[in-house]
Amino acid sequence: EARNQTVLNGPTGESPRGESIKKLKAQLAGKDALIDDLREEIRRLKIFMGATTSRPLSRPSPTDSKGTPSPRKSAGGLGSSGKFQAHPLLTGRPEFPYHSMNRDDPVDIRVEEFYNSTSSAVPLKRINRKFYAFGSVQVEIDVVNGKLLVRSEDGWNNGKYGAVEKFLVHYEPIEREKAGLPPLAY
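In the UniProt record's numbering, the protein residues as written are 1 to 186.
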């Protein structure tokens, strides 16, 4: 009986279950510390980026990728100073803010985050899940590999999904003209 007591309690006087609980508690404490560190890092990044909301940032900075911007001409690009300059349309606040109709739809939430970070004067309206009206153009918007992509029914981008920034820079002037709005000042 004394020998069985030694086997159950082990050399330290604790049961195997107690040791496993201690290991799990140590792992939990380590993960809690990691979560606290990550939250602190997010807070510092939000302060650095000037973000005031508790939502995650929707678009990575151009320097987050490989460190060198693409040589192709795109919605944003390198200015004469060699620094990345975002297209003026991709900054600011929209004239008609978009409010997500379905908080359970991740695409709708991402659309709200993106559109409300632009200075678009063309209203965006949800038609159905993944389908929106951007002015007079009907578009399908989806999240593919973490990126917000769009395609339009009129064949923009050869009917394939393309970057939502590229779409906005292309269609904003067209839709402004159709609506009789003044052109965007660059």
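Even glycine gets a Cβ: it sits at the ideal position worked out from N, Cα and C. Values in this document were obtained by computation on a predicted structure and should not be read as measured data.
On the DSSP bridge assignment, give the partners of residue i in chain order.
i	result
Lys130	DSSP output for Lys130 lists no bridge partner at all.
Arg151	Glu140
Gly162	Val150
Lys125	Ala133
Quick test of your reading: residue i and residue j, contact by CB under 8 Å. State the CB separation rounded to the nearest angstrom.
i	j	result
Gly162	Arg151	7 Å
Leu89	Leu149	Rounded, the Cβ-Cβ distance is 18 Å, inconsistent with contact.
Val139	Glu175	Rounded, the Cβ-Cβ distance is 11 Å, inconsistent with contact.
Glu113	His99	Actually they are not in contact, since the Cβ atoms of Glu113 and His99 sit about 11 Å apart, beyond 8 Å.
Val143	Arg103	Not quite, the Cβ-Cβ distance comes to about 15 Å (not below 8 Å), so this is no contact.
Relative to the alpha-carbon of residue i, which residue among the options has its alpha-carbon at the smallest distance?
i	options	result
Ile141	Pro16, Ile21, Ser119 and Asp108	Asp108
Asn145	Leu124, Tyr132 and Pro106	Pro106
Thr118	Val164, Asp37, Arg129 and Leu34	Val164
Phe96	Asn102, Asp104 and Tyr115	Tyr115
Val122	Ala133, Met101 and Leu38	Ala133
Ser120	Leu28, Phe167, Pro16 and Ile47	Phe167
His170	Lys31, Trp156, Ala29 and Lys178	Trp156
Arg129	Met101, Lys147 and Phe48	Met101
Measure from the C-beta of residue i to each C-beta in chain B and report whether the shortest distance is under 7 Å.
i	result
Glu175	Given the protein chain composition of this structure (a single chain), no chain B is represented.
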